[in-house]
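Asker: Dropping a structure here in structure tokens format, bear with me for questions.
Number of protein chains: 2
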Amino acid sequence: MSKVSTHMTMSLDGYIATADDAVDELFDWYMAGDNVVETANPDIGMRVDDVSATFLTELTGSVGALICGRHLFDVANGWGGTHPVGAPVVVVTHRPPDDAETAWPTTTFVHDVASAVERAKEIAGDRDVTIASPTIIQQALDLGLVDEVCVSLVPVLFGGGKSYFGALADGHVLLDDPDVVVGRRATHLRYRVAK
Amino acid sequence: MSKVSTHMTMSLDGYIATADDAVDELFDWYMAGDNVVETANPDIGMRVDDVSATFLTELTGSVGALICGRHLFDVANGWGGTHPVGAPVVVVTHRPPDDAETAWPTTTFVHDVASAVERAKEIAGDRDVTIASPTIIQQALDLGLVDEVCVSLVPVLFGGGKSYFGALADGHVLLDDPDVVVGRRATHLRYRVAK
Chain A
21 MSKVSTHMTM
31 SLDGYIATAD
41 DAVDELFDWY
51 MAGDNVVETA
61 NPDIGMRVDD
71 VSATFLTELT
81 GSVGALICGR
91 HLFDVANGWG
101 GTHPVGAPVV
111 VVTHRPPDDA
121 ETAWPTTTFV
131 HDVASAVERA
141 KEIAGDRDVT
151 IASPTIIQQA
161 LDLGLVDEVC
171 VSLVPVLFGG
181 GKSYFGALAD
191 GHVLLDDPDV
201 VVGRRATHLR
211 YRVAK
Chain B
21 MSKVSTHMTM
31 SLDGYIATAD
41 DAVDELFDWY
51 MAGDNVVETA
61 NPDIGMRVDD
71 VSATFLTELT
81 GSVGALICGR
91 HLFDVANGWG
101 GTHPVGAPVV
111 VVTHRPPDDA
121 ETAWPTTTFV
131 HDVASAVERA
141 KEIAGDRDVT
151 IASPTIIQQA
161 LDLGLVDEVC
171 VSLVPVLFGG
181 GKSYFGALAD
191 GHVLLDDPDV
201 VVGRRATHLR
211 YRVAK
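As given, the protein sequences belong to chains A and B, one line each in that order. Using the numbering used here, the letters of the first sequence map in sequence onto residues 21 to 215. Using the numbering used here, the letters of the second sequence map in sequence onto residues 21 to 215.
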């Protein structure tokens, strides 16, 4: 059955970037091995270790649509219209670009998180939806719309920056025990949200 | 060779307690199995799964001295004078109890973190030193006195509370890839601090 997942690369102390959006050591695992991971965007290459390659293939192979916030979309320059995962992107924003239809024909712009999840599920069909912006993930968790939380946990302490998870409106969110893949420069953790 | 480690049980989003010191779901793994773990304090019992039992035995078996802050010492009521690990405790505090020598003959009180590490190493001899209070851990990391960071990572999001790791005075702290033990209701991670 189609599910809604989150995935980000996070420092051991919970940060997905510095305060000014630098990822520093977080993405070292993308280049820590010999396995070339093919992506839909030839400008974005990865060379990861064996088990991380299997993890990435499983994680991205089932994705039918991605959701992100406007900030990530802008920082990544819309992935040039082709996200490396190769799935359509739904962007949550109150200010869609004026040239959205001509400049970003494969991208959908919606105004709120609930609409984004609904729209992404329609696009994905029986495939999965992945959310990849912390502010959107936090709102989706609050709305109870997340089925699975994935973390690529990197052996570094940042001491500050932008958090993967934020405050939670309804208290603690209990997760099931994770599937664990011990890769080079990242330990990959997949947790089902306990229902 | 004797090393200085840290160990705490942490939520996936980085918290070791709520703002008012409740551990809530964090210590579920202490009672999530059938293996009775013997401790030096008969009032504190644990029943953990097989791999967590092995992890705990390895973690605690080598400890020659513990360091904590005054807050943890008070919350735990000094473990009744006998820490479950069975090692002497060094407490960092600016206000040692007036009856320290008579009421707490096995506990050492010192004024700062550097002195605590020095004193704990003397007590531990060729055994290891473990630090178990977040504020002390944060200062010891800043002082470059930590060799190994251990985390029992629990599948729950707290959304707020007291953090394991704080701000870091000298920027990011790089760690080596971890040893990973996948237990029930906790994934145990041991990271060497990269030198």
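Backbone N, C-alpha and C define an ideal beta-carbon position, used for all residues, glycine too. Since the model is a prediction, treat every value here as computed from it, not as a measurement.
(1) Measure the C-alpha to C-alpha separation of Ala136 of chain A and Phe75 of chain A and round it to an integer number of angstroms.
(2) Would you call the region 180 to 199 of chain A in contact with the region 49 to 63 of chain A, where contact means no fewer than 3 C-beta pairs closer than 8 Å?
(3) Between Ser31 of chain B and the rest of its own chain, which residues show a CB-CB distance below 7 Å, the 5 nearest in sequence each way excluded?
(4) Determine the chain A residues that contact Val176 of chain B at a beta-carbon separation under 8 Å, and present them in chain order.
(5) To test your reading of the DSSP string, which unbroken beta strand (DSSP E) runs of 3 or more residues are found completely within the region 32 to 72 of chain A?
(6) Return no unless some Cβ of chain A is closer than 8 Å to the Cβ of Gly89 of chain B.
(7) Okay, do the region 120 to 138 of chain B and the region 157 to 165 of chain B touch, 3+ Cβ pairs below 8 Å being the bar?
(8) Round the Cβ separation of Pro108 of chain A and Ala85 of chain A to the nearest angstrom and send it over; I've been treating them as touching at under 8 Å.
(9) Residues of chain B with a CB under 8 Å from the CB of Tyr50 of chain A: which are they?
(10) To the nearest angstrom, how far is the alpha carbon of Ala60 of chain A from that of Gly101 of chain A?
(11) Taking Cβ-Cβ distances shorter than 7 Å, what residues in chain A pair up with Arg115 of chain B?
(12) Is the beta carbon of Val68 of chain A less than 8 Å from the beta carbon of Val83 of chain A?
(13) Rounded to whole angstroms, how far is the Cβ of Arg210 of chain A from the Cβ of Asp199 of chain A, which I believe are closer than 8 Å?
(14) Tell me, please, which residues DSSP counts as bridged to Gly203 of chain B.
(15) Beta-carbon of Pro198 of chain B versus every beta-carbon of chain A: anything under 8 Å?
(16) How far does the alpha helix (DSSP H) with Ala120 of chain B in it extend, from its first residue to its last?
(17) Check Gly101 of chain B in the structure and name its three-state DSSP category.
(18) Identify which residue in B:Thr155, B:Ile151, B:Leu79 and B:Gly180 has its Cα closest to the Cα of Val166 of chain B.
(19) Can you pull the DSSP bridge partners for Gly89 of chain A?
(20) Tell me which same chain residues have a C-beta within less than 7 Å of the C-beta of Phe93 of chain B, skipping the five on either side of it?
Answerer: On the basis of the coordinates in this document:
(1) Straight-line Cα distance between these residues: approximately 26 Å.
(2) Here the region 180 to 199 of chain A makes no contact with the region 49 to 63 of chain A; the two share fewer than three CB pairs at distances below 8 Å.
(3) Answer for Ser31 of chain B: Leu46, Val174, Val176, Leu177 and Phe178, listed in chain order.
(4) Against chain A, the beta carbon of Val176 of chain B has neighbours under 8 Å at His192, Val193, Leu194 and Leu195, listed in chain order.
(5) Runs found: 35 to 37, 55 to 57 and 66 to 68.
(6) Output row for Gly89 of chain B: interface = no.
(7) The region 120 to 138 of chain B is in contact with the region 157 to 165 of chain B.
(8) Between Pro108 of chain A and Ala85 of chain A, the beta carbon gap of about 5 Å places them in contact (Cβ cut-off 8 Å).
(9) Correct list: empty, because the minimum Cβ distance to chain B is about 15 Å.
(10) Roughly 11 Å separates the two Cα atoms.
(11) Residues of chain A passing the Cβ test: none, with the nearest at roughly 28 Å.
(12) Between Val68 of chain A and Val83 of chain A, the CB-CB gap reaches or exceeds 8 Å.
(13) Approximately 4 Å separates the beta-carbon atoms of Arg210 of chain A and Asp199 of chain A; this is inside 8 Å, confirming the contact.
(14) The partner list for Gly203 of chain B (beta bridge, DSSP) reads B:Ala206.
(15) Output row for Pro198 of chain B: interface = yes.
(16) Where Ala120 of chain B is concerned, the enclosing alpha helix (DSSP H) stretches over Ala120 to Ala123.
(17) Three-state result, Gly101 of chain B: helix.
(18) Cα-wise, what sits closest to Val166 of chain B is B:Ile151.
(19) Answer by DSSP bridge pairing, in chain order: A:Val112.
(20) Hits under 7 Å: Val111.
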